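K.L.:
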Amino acid sequence: MHHLLAQLLKKSGFFGIDSVQYEHFIRLLSDAFVHADEDRWMLEHSLNLTSKELTENNRQLRTKLADIDKYQRSLELSVTRQKAILDASPEVVVEFNICGKITHINQSGCTFLGCNEHTALTLDATQVLHSILCLLTAPDEFIEQIQDMFDSKEAQLTGIFETIHGRYYEYYSVPELIHGEYVGRVWCCRDITDLKAQKALLSKQANCDSLTGLANRFNIIATVNRMLQSDVVKPFALVLIDLDDFKKINDSLGHLAGDDALKICAKRLERRVQQPNRLARLGGDEFLVVLMLDSLPLIREELEHILNAFIDPIKIKGNCYQLSLSVGVASYPAHGKEVSEILGKADIAMYQAKKQGKNQYKLFDSALEQRVQKAIYIEGKLQQAITLKQFELYFQPKINIRSGQVESLEALIRWPNNGRMIFPDEFIPIAEDKGLIGKITECVLEMACDTLSQWNGLVHLKGLSIAINISGKDISVDNFYEKLERLLSRYKFNPSLLELELTESALISNLANVKATLRQLKKLGIKVAIDDFGTGYSSLAYLQVLDMHYLKIDRQFVAALLSEPKAEAIVQSIIDVGKNLGLCLIAEGVEQAEHLDKLQRMGCDQAQGYFICRPLPSSELLKFLSSAKQAV
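Take the position in the sequence shown, starting the count at 1, then add 67; the result is the number in this note's numbering.
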């Protein structure tokens, strides 16, 4: 019996009733109580399970709500940050929805449209477009640029417009698509006014000379190349201009003054070079003119016009400087099809103009190119010739005019090369230009000393001196005397048999240094002659202060001696001055017997020239000296 039923029956006094029906009833009631207990337990168990499930679901919901809240706060923060970034951006950013209404606009967009954010969000695309068109200098052009947007919602746009306030904007417009579906459009515009000005400045700096404002080398070369690449190329000439002796201004007044001088020169050339011709500064003191002319007479006329720009001196820091131009000209298509080729030939012509005396123009020709190529060949071989000592000495006798006896020799350098002889007038100027003349002089000095050393003690060569030519650059070198002293110690001969011939220009260029060197040479017994006297400065002052032994009368006066009275007067004056100073007089370039006779009557001491003997190699010289002694 169910324990609860038993308690109820006991309290009610029903115990003790004994009947089958009662027991059956009691069992039924007991079973009912049992079932009720089971149902209650099941209900309690079910409620317990439901409560736990609801608690877990509630916990999960609270977690999800917390995540959603966190995400929402993060999203709000992101939107706020994005808006702050957009507002801080100088670019105009405007977003339109599918209906053409503004959904987002940053502060720069509001400023650009001239309204606040609230007002801007009430505008549609048509109103915004109208506001923009009112700001543009070329609204119709802008409409054409964005036409693709009206033809297709998915069109991407980019371009540049200018506002009536003088500002330039670069714009981008892209559609907003979600899964390929159009939902709106974003416009971005950035102010590129400063960038455009910067680019213009950089372009100017890249294409213009910063000092003069003229086109620079890059610009003019590019211009000529474009001309050459066009379908129809008209003939033109490249005129290369170099300012003569411009270095003097830089050296005397400084580079700032030199810059001022270049500006003045550029202005003068600008006034002379008119369109369609073009003027540029290549760098340094070089300018280039592109003459759009094909007529040689017209080119010459224009060149004279340019040269005349510098007739008047320029004034810098209160000083007047007379500048001139050396001009070289080459033309298309006669002198080349490429700009580098034509410019190179103009450069060759310009240097030829400078060598021929400056203040002139020179037109390029093939003969000039051959001379330049020859000079380049010589230049390339010259260093090798110096290193390998490929030079030879030839000797030209100098005779006593009265006795006819050979008293000394002039050593003349020769350069055997590939079966032919290269003479000094071909390679000495190149050596001087390339700074090699000092090394060549060392070679000549050493060969002369070696020759004198070999002749030392030979009776038939006793007392025969050798003279060599020394340039102004050689004797101006501080250690010239030391080098010569070392040679004399290596080769054994009487130093008085070595003579040095200096030009007047060598003396004048560095008189104080030369004077000190000559005093040192005198201690060694070496004699010195002034070569080509009468063609340079012919100053009597340095004849008085310098320790000289000989004066050599230049060959141009000797050549004119028989035909020009003035030449005779000049020669007689040189002889008289030399005699009064106790100097020996030597005449160069004696080509006729009449020259020799006249020089003897005038009192000249020595002579040399082809009438007496041409320059001879050492082997032939000994034969000549032997025959000359027999003749005497």
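Using N, Cα and C, we set each Cβ at its ideal position, and we do this for glycine too.
Owing to the predicted nature of the structure, the values given are computational and were not obtained by experimental measurement.
Between which two residues does the beta strand (DSSP E) containing histidine 185 stretch?
P.N.:
Judged by DSSP secondary structure, histidine 185 falls outside any beta strand (DSSP E) and instead within the alpha helix (DSSP H) spanning 184 to 187.
K.L.:
Return the bridge partner residues of cysteine 275 from the DSSP annotation.
P.N.:
Ala282
K.L.:
If I'm right that isoleucine 308 touches valine 394 with Cβ under 8 Å, what's the distance once you round it to whole angstroms?
P.N.:
5 Å
K.L.:
Return the CA-CA distance between glutamine 697 and arginine 438, expressed in angstroms with no decimal places.
P.N.:
At glutamine 697 the pLDDT is 49, less than 50, meaning the model places this residue with poor confidence and gives no usable figure here.
K.L.:
Which residue's Cα is closest to the Cα of leucine 355: Ala328, Lys412, Leu323?
P.N.:
Lys412
K.L.:
What first and last residue would you give for the alpha helix (DSSP H) that runs through asparagine 164?
P.N.:
Asparagine 164 -> not in any alpha helix (DSSP H); beta strand (DSSP E) instead, spanning 159 to 164.
K.L.:
Could you tell me which residues DSSP puts in a beta bridge with arginine 252?
P.N.:
Phe163, Pro242
K.L.:
For isoleucine 172 versus glutamate 158, is the C-beta spacing smaller than 9 Å?
P.N.:
no
K.L.:
Which two residues bound the contiguous beta strand (DSSP E) that contains aspartate 309?
P.N.:
303 to 310
K.L.:
Do you know offhand how far valine 160's Cα is from leucine 200's?
P.N.:
Rounded to whole angstroms, valine 160 to leucine 200 spans 17 Å at the Cα level.
K.L.:
Tell me where the alpha helix (DSSP H) around serine 407 begins and ends.
P.N.:
406 to 422
K.L.:
Is the Cβ-Cβ distance between phenylalanine 377 and leucine 365 less than 9 Å?
P.N.:
Between phenylalanine 377 and leucine 365, the CB-CB gap reaches or exceeds 9 Å.
K.L.:
CB alanine 401 to CB alanine 416, shorter than 9 Å?
P.N.:
no
K.L.:
Helix, strand or coil for tyrosine 677, going by three-state DSSP, please let me know.
P.N.:
coil
K.L.:
Helix, strand or coil: how does DSSP classify histidine 402 here?
P.N.:
coil
K.L.:
Tell me the residue span of the beta strand (DSSP E) that contains glutamine 463.
P.N.:
Counting along the chain, the beta strand (DSSP E) containing glutamine 463 begins and ends at 459 to 467.
K.L.:
Rounded to whole angstroms, how far is the Cβ of isoleucine 593 from the Cβ of leucine 565, which I believe are closer than 8 Å?
P.N.:
5 Å
K.L.:
Say whether the segment 454 to 471 touches the segment 519 to 530, bearing in mind that this needs 3 or more beta-carbon pairs closer than 8 Å, one atom from each stretch.
P.N.:
Cβ pair count under 8 Å is below three, so no.
K.L.:
Where do the N-terminal and C-terminal ends of the beta strand (DSSP E) with proline 483 fall, by residue?
P.N.:
473 to 484
K.L.:
What residue ranges within the segment 617 to 694 form continuous beta strand (DSSP E) runs of no fewer than 3 residues, ordered along the chain?
P.N.:
617 to 620, 651 to 654
K.L.:
Where do the N-terminal and C-terminal ends of the beta strand (DSSP E) with glutamine 587 fall, by residue?
P.N.:
No beta strand (DSSP E) holds glutamine 587; the alpha helix (DSSP H) holding it covers 578 to 591.
K.L.:
Which value, in whole angstroms, describes the spacing of the CA atoms of leucine 528 and aspartate 318?
P.N.:
Within the model, the alpha-carbon separation for leucine 528 versus aspartate 318 is close to 51 Å.
K.L.:
Go ahead and pull the three-state DSSP assignment for phenylalanine 494.
P.N.:
helix
K.L.:
Using the three-state DSSP reduction, which class does cysteine 785 fall into: helix, strand or coil?
P.N.:
The structure shown does not extend to residue 785, since the chain spans only 68 to 699, so no value can be given for it.
K.L.:
Any idea which residues DSSP pairs aspartate 191 with across the strands?
P.N.:
Lys168
K.L.:
Any contact of the segment 615 to 622 with the segment 654 to 661, i.e. 3+ C-beta pairs under 8 Å?
P.N.:
yes
K.L.:
The alpha helix (DSSP H) spanning cysteine 201 covers which residue range?
P.N.:
It is not in any alpha helix (DSSP H) - cysteine 201 carries neither H nor E in the DSSP assignment.
K.L.:
Taking the alpha-carbon positions, what's the serine 407 to tyrosine 677 distance?
P.N.:
47 Å
K.L.:
So, do the segment 583 to 591 and the segment 538 to 549 have three or more beta carbon pairs nearer to each other than 8 Å?
P.N.:
yes
K.L.:
Can you tell me where the beta strand (DSSP E) holding leucine 564 begins and where it ends?
P.N.:
Run containing leucine 564: none; DSSP gives neither H nor E here.
K.L.:
Rounded to whole angstroms, what's the CA-CA distance from lysine 150 to valine 195? Just pull it up for me.
P.N.:
20 Å
K.L.:
Use the C-beta contact count for asparagine 283: other C-beta atoms within 10 angstroms, 16 or more gives buried, fewer gives exposed.
P.N.:
buried
K.L.:
Nearest to serine 686 by alpha carbon, out of Ala304, Asn485, Gln463?
P.N.:
Gln463
K.L.:
Can you tell which of Ile259, Val241, Leu363, Tyr249 has its C-alpha closest to the C-alpha of arginine 227?
P.N.:
Sequence check: residue 227 is isoleucine here, not arginine. The shortest Cα separation from isoleucine 227 among Ile259, Val241, Leu363, Tyr249 belongs to Ile259.
K.L.:
Taking 9 Å as the cut-off, decide whether the C-beta atoms of leucine 262 and tyrosine 239 are in contact.
P.N.:
It is not a contact, given that the beta carbons lie outside the stated cut-off.
K.L.:
Give me the DSSP bridge partner(s) of alanine 397.
P.N.:
Leu305
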